[in-house]
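Colleague: Okay, here's the structure, questions in a sec.
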Amino acid sequence: MKLPITTGHYKAKFTALLYYEEQEHIELLKKKCDGSFALQKCEPPFLRHDEKSYPPHFYCLQGMSSAQIMYATQASSIHGQSLLKVNAKFDVNHNYFVGLNEGVKRISMNVLHRLIPTSEDFKSPPRDIAIDIRRHPYGGIDLDPEQYLALEAILSNQCSAPVLIPGAFGCGKTRLLAVATECFFREHRETGYHSPCRILICCHHQRSADVFIDDYFSKMLSKSWPVKVVRVTSSRHCVGYPGYVQAAHFDNSPYKNENSFLLVTTFGGALTISRRVEPDFFTHILIDEGAQSREPEALSPFLMANENTRIVIAGDHQQ
Numbered sequence: 001m002k003l004p005i006t007t008g009h010y011k012a013k014f015t016a017l018l019y020y021e022e023q024e025h026i027e028l029l030k031k032k033c034d035g036s037f038a039l040q041k042c043e044p045p046f047l048r049h050d051e052k053s054y055p056p057h058f059y060c061l062q063g064m065s066s067a068q069i070m071y072a073t074q075a076s077s078i079h080g081q082s083l084l085k086v087n088a089k090f091d092v093n094h095n096y097f098v099g100l101n102e103g104v105k106r107i108s109m110n111v112l113h114r115l116i117p118t119s120e121d122f123k124s125p126p127r128d129i130a131i132d133i134r135r136h137p138y139g140g141i142d143l144d145p146e147q148y149l150a151l152e153a154i155l156s157n158q159c160s161a162p163v164l165i166p167g168a169f170g171c172g173k174t175r176l177l178a179v180a181t182e183c184f185f186r187e188h189r190e191t192g193y194h195s196p197c198r199i200l201i202c203c204h205h206q207r208s209a210d211v212f213i214d215d216y217f218s219k220m221l222s223k224s225w226p227v228k229v230v231r232v233t234s235s236r237h238c239v240g241y242p243g244y245v246q247a248a249h250f251d252n253s254p255y256k257n258e259n260s261f262l263l264v265t266t267f268g269g270a271l272t273i274s275r276r277v278e279p280d281f282f283t284h285i286l287i288d289e290g291a292q293s294r295e296p297e298a299l300s301p302f303l304m305a306n307e308n309t310r311i312v313i314a315g316d317h318q319q
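In UniProt numbering, the protein residues as written are 1 to 319.
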């Protein structure tokens with residue numbers, strides 16, 4: 001547990017850390033769920049058309065404010081003001097930690113070596129940028145001088161190690177990644193590359209992914225930006241953007257012939273679609289809010305990376 005993080009024991013270390021974290025989580029739930037609770041009659045949640053109707057008496061367990069835990073009585077003869085003793089059994093939902101362990105287990109050693117680089121991985125000289133990065137043909141997204149230096153570092157990088165963009169909250173990291181995305185597509189198009197340019201952008205929060213669409217890419221699309229843009233969401237998150245799909249229903253086959261393709265989602269969405277996407281599908285992976293999640297969760301986009309994928313990670317270095 002106290003060993004430094006290296007590629008040699010990375011998976012074993014994080015598997016152990018996740019095990020102990022889950023056990024601690026279960027112990028906290030045991031303390032919370034143990035004891036006596038009052039039952040309060042309440043309205044059941046909305047039913048889908050394919051679900052059976054609820055029993056006539058539906059109750060909420062009081063005192064479980066952080067989770068909506070319901071209990072429906074089996075007796076049909078219970079009336080108001082009746083006393084009813086029940087034993088409630090709570091089952092732990094392991095899905096979240098199963099997903100974290102999946103990311104640790106599936107990450108390839110080639111990509112892991114890129115994410116934990118050595119000094120040798122930084123020796124490739126920067127390449128020349130083939131476009132004018134200060135020209136914004138699809139919207140006036142201005143950057144300050146320091147952001148232009150960061151943009152040059154992103155576009156010129158030839159090292160296998162990722163480009164890291166540190167910065168405090170509100171300093172413009174999201175805007176920088178949006179401009180870098182436009183530049184990647186524009187350089188690919190103007191230099192005449194025949195292979196596709198497919199970019200994946202991942203964030204920790206759904207709202208942050210919405211910002212990319214609402215504040216930047218929708219405006220570019222309104223000015224005939226020649227890029228196919230897809231927003232992948234969770235089943236509980238609805239967006240106004242027409243080109244969106246739920247992660248559970250994502251199929252990349254319609255986009256394999258797209259020469260310029262952009263997908264914006266969260267780390268959770270990336271884990272779901274990684275089960276359907278080949279590791280060489282995306283040519284670029286850009287991470288925003290890279291320091292806001294657990295490290296195993298942030299690995300999910302890199303399940304779709306290989307040794308040639310260009311990687312950029314932005315985040316608050318103080319988090």
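The beta-carbon is built from N, C-alpha and C at its ideal position, and this holds for glycine as well.
#1: Examine the Cβ distances between the region 274-292 and the region 216-231 and report whether three or more of them are shorter than 8 Å.
#2: Do Ile313 and Gly290 have their CB atoms nearer than 8 Å?
#3: Counting along the chain, where does the beta strand (DSSP E) carrying Val245 start and finish?
#4: Could you tell me which residues DSSP puts in a beta bridge with Thr266?
#5: Beta-carbon separation of Ala298 and Phe267 under 8 Å?
#6: Would you say the beta carbon of Glu146 is closer than 7 Å to some non-hydrogen atom of the ligand HEM?
#7: Can you tell me whether Ile154 is buried or exposed? The criterion is at least 16 other CB atoms within 10 Å of its CB, across all chains shown.
#8: Bridge partners of Pro166, per DSSP?
#9: Please look up how many angstroms separate the CB atoms of Thr265 and Ala209, rounded, as I've assumed it's under 8 Å.
#10: Give a yes or no on whether the C-beta atoms belonging to Val104 and Pro301 are separated by under 8 Å.
#11: Would you mind sorting His94 into buried or exposed? The rule is 16 or more other CB atoms within 10 Å of its CB.
#12: Short check: CB of Thr15 to CB of Leu112, under 8 Å?
#13: When the Cβ atoms of the region 199-214 are set against those of the region 170-177, are three or more pairs found closer than 8 Å?
#14: Terminal residues of the continuous beta strand (DSSP E) containing Gln40?
#15: With H, G and I counted as helix, E and B as strand and the rest as coil, what does DSSP make of Leu143?
#16: Going by C-alpha to C-alpha distance, which of Ile199, His237, Arg106 and Cys60 sits closest to Gln40?
Modeller: Considering the structure as presented:
#1: no
#2: yes
#3: Tyr244 to Gln246
#4: Cys203
#5: Using a Cβ distance threshold of 8 Å, Ala298 and Phe267 count as a contacting pair.
#6: Because no ligand of any kind appears in the structure shown, any question about the ligand HEM cannot be addressed here.
#7: buried
#8: Gly315
#9: 6 Å
#10: no
#11: exposed
#12: no
#13: yes
#14: Leu39 to Lys41
#15: coil
#16: Cys60
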